[in-house]
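Residue numbers (our numbering): 19 to 157. Backbone N, C-alpha and C fix where the C-beta goes; we use that ideal spot for every residue, glycine too.
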Amino acid sequence: MIVGTTEAARILKISTARLRVLLIAGRVEGAYKTGKMWLIPLVDGEPTIKRGTRGPAPRWRNLKKPAKTIVHVNSQRIRQNQKHQEQLPVITVKTRNTNTYGHIVEIPGGCRVVYSPDKPLRCGARVWIETLHEVRIIC
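1) Relative to the alpha-carbon of Thr116, which residue among Glu124, Ala27, Gln94 and Ala85 has its alpha-carbon at the smallest distance?
2) Report yes if the CB atom of Thr113 is closer than 7 Å to the CB atom of Tyr119, and no otherwise.
3) Using beta carbons (cut-off 7 Å, strictly below), is Arg140 in contact with chain B?
4) Give the DSSP-derived three-state secondary structure of Thr71 in the structure shown.
5) Report the three-state DSSP secondary structure of Lys51 (helix, strand or coil).
6) Pick out the complete alpha helix (DSSP H) segments inside the region 76-116, 4 residues or longer, and give them in chain order.
7) For Ile125 versus Val153, is the C-beta spacing smaller than 7 Å?
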């Protein structure tokens, strides 16, 4: 037996609007549209509804990538130290929004050295070290 949307919605005890959403999603088995009217076959007196997914994949569980730490040697500070006979720290450690200077930097985890003459950092550095691990600065 084949019924329309109003009769199928009454049998399923849902609104016709909800049934139309299921029809458009292709979740009513065997249903087809002729002109403006949906024709829905009944199996054992009821339309067969396919099980749906539980919505889009959750985005709240995606973990943020750890902040990249960039370490580079400030050559201007080296020249300034030589010119004025000073001992200012020349190693710069950059994380998100902070710059920290030090004389010694320890990187306990993995790191990589980058040379990019075509695309320097905003500060002008063309060689730097990148790491995703915690960096220890000794002033």
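Working from what's here:
1) When only C-alpha atoms are compared, the closest one is Ala85.
2) No; because the gap between Cβ atoms is not below 7 Å, this pair is not in contact.
3) The structure shown contains no chain B, having only a single protein chain.
4) In this structure, Thr71 counts as coil in the three-state DSSP scheme.
5) In this structure, Lys51 counts as strand in the three-state DSSP scheme.
6) Segments of the alpha helix (DSSP H) lying fully in the region 76-116: 93-102.
7) In contact: Ile125 and Val153 (Cβ atoms closer than 7 Å).
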